[in-house]
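Encoded as structure tokens, the structure appears first; notes follow it.
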Amino acid sequence: MDDLVLAKKALADNEYTLCVFKNKEQVFFSKEIGVLTLYNAYKNGHRFNGCSAADKVIGLGAAFLWKALNVSKIDTGLISKPALDFLNNNDIEISYRILTDRILNRTKDGYCPVETLAKDSLNFGEFLKGTGEFLKEK
């Protein structure tokens, strides 16, 4: 099995929200909802060069972080159109099951605040700063 298949299987078989494999070995996983895990991984210096990942939901903010983490391939159950376009434009191989215009927030009464923050940011640095401030409020 290749790494992407292994990541998808690990995600399905466990209570993970994301999982990363390289050379048939699991190198990272999380059970947390939202972008906090990806944000912390980036801030703590993790890089996933040549890795394959499975993530339950990818909005534009998660796409920004996956690119910054240098992942090569991603599979997801749900992805927003802006995230798909961003990943495709940055040569990250992506497979998905459901494509949506935007990711909704957890209460489903508006858009995901991190996706909105990513959409409104002029660059990755601005997005990272805004995300850090947003996550501190939680």
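My numbering numbers the first residue of the sequence shown as 148 and each following residue consecutively.
We put the beta carbon where it would ideally sit given N, CA and C, even for glycine.
The model shown is predicted, which means the values in this text are computed figures rather than measured ones.
Measure the alpha-carbon distance for residue i versus residue j and round it to whole angstroms.
{"i": "GLY208", "j": "PHE281", "result": "12 Å"}
{"i": "PHE195", "j": "ASP232", "result": "21 Å"}
{"i": "ASN191", "j": "ASP222", "result": "23 Å"}
{"i": "LEU212", "j": "TYR186", "result": "7 Å"}
{"i": "MET148", "j": "ARG253", "result": "34 Å"}
{"i": "GLY181", "j": "GLU284", "result": "14 Å"}
{"i": "LEU269", "j": "LEU153", "result": "35 Å"}
Please go through the same chain and pick out, in chain order, the residues whose beta-carbon is closer than 6 Å to the beta-carbon of residue i, but skip the five residues on each side of it.
{"i": "ALA215", "result": "TYR189"}
{"i": "GLU240", "result": "LYS220"}
Leaving out the 5 sequence neighbours to the left and right, which residues in its chain are closer than 8 Å to residue i when beta-carbon positions are compared?
{"i": "PHE176", "result": "ALA157, ASN161, TYR163, LEU165, CYS166 and VAL167"}
{"i": "ARG244", "result": "THR223, GLY224 and LEU225"}
{"i": "ASP150", "result": "PHE168, LYS169, ASN170, LYS171, CYS198, SER199 and LYS220"}
{"i": "ASP147", "result": "The requested residue 147 does not occur in the structure, where the chain is confined to residues 148 to 285."}
My understanding is that residue i touches residue j, with C-beta atoms under 8 Å, so please give their C-beta distance in whole angstroms.
{"i": "LEU264", "j": "GLY277", "result": "5 Å"}
{"i": "ALA210", "j": "LEU234", "result": "5 Å"}
Near residue i, which residues of its chain fall below 7 Å by C-beta distance, leaving aside the five closest residues on each side in sequence?
{"i": "GLY197", "result": "LYS169 and SER219"}
Report the start-end ranges of each alpha helix (DSSP H) in the region 150-235 that is 4 residues or longer and not cut off at the edges. Whole alpha helix (DSSP H) segments, 4+ residues: 150-160, 183-190 and 207-215.
Determine contact between the region 220-228 and the region 247-263, defined as no fewer than three beta-carbon pairs at a distance below 8 Å. Flag = yes, the region 220-228 and the region 247-263 touch.
With a floor of 3 residues, list each beta strand (DSSP E) that falls wholly inside the region 234-283, ordered by position along the chain. 240-247
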